[in-house]
Amino acid sequence: MNMRLNTSDFFTQTVEDSIQKNMSLAAYNTFRFAYQAEYFAIADSLDALKVLLAWANRLEHHVTMIGGGSNLLISDDVPGLVIINRLSGINAREHSGNLMSLTVAAGENWHQLVEFVVTQGWFGIENLALIPGTVGAAPVQNIGAYGVEIKDVLARVQVINTVSGDVYWINARDCGLAYRDSYFKSKWQSVFIITAVELSLKKQGQLQLSYGGLSDRVQAQPSLKDVFNTVCQVRNEKLPDPTVLANAGSFFKNPIVSQAKHSELIARFPSLVSFPFEQGFKLAAGWMIDQAGWKGKQFQGVGVYDKQALVLVNYQEDTADSLLTLEAQIKQSVLDLYGVELEREPVQLPSTISVDHSMNAESLG
Ligand SMILES: Cc1cc2nc3c(=O)[nH]c(=O)nc-3n(C[C@H](O)[C@H](O)[C@H](O)COP(=O)(O)OP(=O)(O)OC[C@H]3O[C@@H](n4cnc5c(N)ncnc54)[C@H](O)[C@@H]3O)c2cc1C
Numbered sequence: 001m002n003m004r005l006n007t008s009d010f011f012t013q014t015v016e017d018s019i020q021k022n023m024s025l026a027a028y029n030t031f032r033f034a035y036q037a038e039y040f041a042i043a044d045s046l047d048a049l050k051v052l053l054a055w056a057n058r059l060e061h062h063v064t065m066i067g068g069g070s071n072l073l074i075s076d077d078v079p080g081l082v083i084i085n086r087l088s089g090i091n092a093r094e095h096s097g098n099l100m101s102l103t104v105a106a107g108e109n110w111h112q113l114v115e116f117v118v119t120q121g122w123f124g125i126e127n128l129a130l131i132p133g134t135v136g137a138a139p140v141q142n143i144g145a146y147g148v149e150i151k152d153v154l155a156r157v158q159v160i161n162t163v164s165g166d167v168y169w170i171n172a173r174d175c176g177l178a179y180r181d182s183y184f185k186s187k188w189q190s191v192f193i194i195t196a197v198e199l200s201l202k203k204q205g206q207l208q209l210s211y212g213g214l215s216d217r218v219q220a221q222p223s224l225k226d227v228f229n230t231v232c233q234v235r236n237e238k239l240p241d242p243t244v245l246a247n248a249g250s251f252f253k254n255p256i257v258s259q260a261k262h263s264e265l266i267a268r269f270p271s272l273v274s275f276p277f278e279q280g281f282k283l284a285a286g287w288m289i290d291q292a293g294w295k296g297k298q299f300q301g302v303g304v305y306d307k308q309a310l311v312l313v314n315y316q317e318d319t320a321d322s323l324l325t326l327e328a329q330i331k332q333s334v335l336d337l338y339g340v341e342l343e344r345e346p347v348q349l350p351s352t353i354s355v356d357h358s359m360n361a362e363s364l365g
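Here you go:
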């Protein structure tokens, strides 16, 4: 009997055939740790992503999404299906007045988006230049730099429920966006995959120059392009390029402490670098690690970057063992010296967070 597949069966079959077994993730995380994904596929369209999720559900495989792998600490082989996000497309809508809406597919490169937006003359994300990774991962930890966070311009995110395959939009204010955090990093991890974001940008805007010494580096009355170029310059001077020296950017969050704890620390360390934050203070973790003597230290194939103590680097290791030991040592010495507990910024894989798939559009309100 001559069975013919229809177009949709053929598409499903082609996507399922693209799934690979025991694939090294070394090229898919900027620490370059060489653990394996049990199953691995690249999603380059929403339809392909739906097929992959349906396949994983049918076989009861856990799903992990990776964008650029620049905020990951992979510390073991990852069971289930790892999907690499390559959804693409940008759509701009001009509104009357000062507003531009931009809908961007989650697999687009974040820095290339910033460059495009600056070239168009639209304001809002110029300070977030040169942050590696994808657009879809940007809300996951509410990326931020130089006094700006994506939360400042994020209108809503489009998500797909990994079990039901339903696609819907969630308002940014319902995503738990906070300092380097969101529900996507905790209770929504593996429940929702971000498939697109909508940004609200301005045709005329205020430049934010008051952080990280930007105002000292730009000329008087800088243009949007000047700020973008300066941010790129400063970052290139301070941060290692992950394609040259493996790293995941800041390894620790800046700890937030109460006013009382801050006063105690200032009395003991008058040059402590800190900033008022909500009801308390945010401490510069890089300064604390540097003062504890770690900057430039190397340890069994990994180390602390010599120009920025907040960044841990991997010189040659295939596994995360040395890095985990170094992390524990740094945390202990900061705790001993300042009585402050450091929290890791990158997301660890395989995930240890238990998943609540009962969440759906209705339960979000
Ligand atoms: C040199 C360097 C500098 C950096 N500087 C900064 C900085 O200034 N500010 C800052 O905030 N961060 C910074 N980072 C961290 C990192 O670039 C950002 O967090 C970035 O948004 C991660 O994007 P990604 O695509 O690489 O995410 P990945 O590392 O692939 O994933 C990170 C997490 O998000 C999840 N995820 C990825 N895509 C999706 C999706 N579509 N839907 C749901 N979950 C998803 C993953 O499962 C994982 O839990 C830096 C990193 C490096 C290497």
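Residue numbers for the sequence shown follow the UniProt record's numbering, beginning at 1 and rising by one.
For every residue, glycine included, the Cβ atom is placed at its ideal position computed from N, Cα and C.
Since we're looking at a predicted model, the values are computed, not measured.
Distance cut-off 7 Å: residue i Cβ against heavy atoms of ligand 1
i    : result
M23  : no
V239 : It should be noted that the sequence gives Leu, not Val, for residue 239. Yes, ligand 1 has a heavy atom inside 7 Å of this Cβ.
N71  : yes
A138 : yes
P110 : The displayed chain sequence assigns Trp, not Pro, to residue 110. Yes - ligand 1 has a heavy atom lying nearer than 7 Å to the Cβ of W110.
I131 : yes
P255 : no
G212 : no
P242 : yes
R180 : yes
I66  : yes
I194 : yes
I143 : yes
V347 : yes
S250 : yes
F184 : yes
T7   : no
Q189 : yes
N85  : yes
Residue i versus the options, residue with shortest Cα-Cα distance
i    : options                   : result
M23  : V82, I66, V15 and Q13     : V82
V234 : S351, R217 and A106       : R217
P132 : V313, I256, L323 and L239 : L239
D306 : K282, N247, L324 and A320 : N247
I170 : Y179, L337, I160 and V313 : I160
K347 : L224, T134, L265 and S186 : Per the sequence shown, residue 347 should be read as Val rather than Lys. Ranking the options by Cα distance to V347, first place goes to S186.
L46  : L25, V104 and Q20         : V104
V257 : E237, P242 and A284       : A284
S250 : S101, W55, Q141 and A43   : Q141
L130 : N236, T14 and V15         : N236
N98  : S200, N71 and A41         : S200
G301 : L312, K295, Q308 and G293 : L312
G107 : A43, I74, R58 and N254    : A43
Y35  : V334, S70 and T319        : T319
V197 : Q158, I74, Q332 and V227  : Q158
I330 : E345, A292, Q308 and Q316 : A292
C232 : H111, L52 and I19         : H111
L310 : Y179, S322, V63 and E345  : E345
Opening and closing residue of the beta strand (DSSP E) in which residue i lies
i           : result
W55         : Where W55 is concerned, there is no enclosing beta strand (DSSP E), although the alpha helix (DSSP H) it sits in stretches over L46 to R58.
E94         : I90 to E94
L73         : L72 to I74
T64         : V63 to I66
V78         : V78 to N85
residue 368 : Lying outside 1 to 365, the shown extent of the chain, residue 368 is not represented and no answer is given.
F277        : S274 to F277
E341        : Looking at the DSSP string, E341 is not in any beta strand (DSSP E), and its letter there is neither H nor E.
Range covered by the alpha helix (DSSP H) that runs through residue i
i    : result
K331 : D321 to Y338
W287 : A285 to Q291
L113 : W110 to Q120
T12  : T7 to D17
E264 : Q259 to R268
T230 : L224 to K238
L214 : L214 to R217
Buried/exposed call for residue i, threshold 16 Cβ in 10 Å
i    : result
V244 : exposed
H262 : buried
Y146 : buried
S190 : buried
G89  : exposed
T352 : exposed
S10  : What sits at residue 10 in the sequence shown is Phe, not Ser. By the 10 Å Cβ count, F10 comes out exposed.
T134 : buried
G165 : exposed
N314 : buried
L349 : buried
I266 : exposed
F275 : exposed
P242 : buried
A260 : exposed
S210 : exposed
L335 : exposed
P270 : exposed
G68  : buried
Within-8 Å CB hit, residue i to chain B
i    : result
Q112 : The chain labelled as chain B is not found in the depicted structure, where only one protein chain is given.
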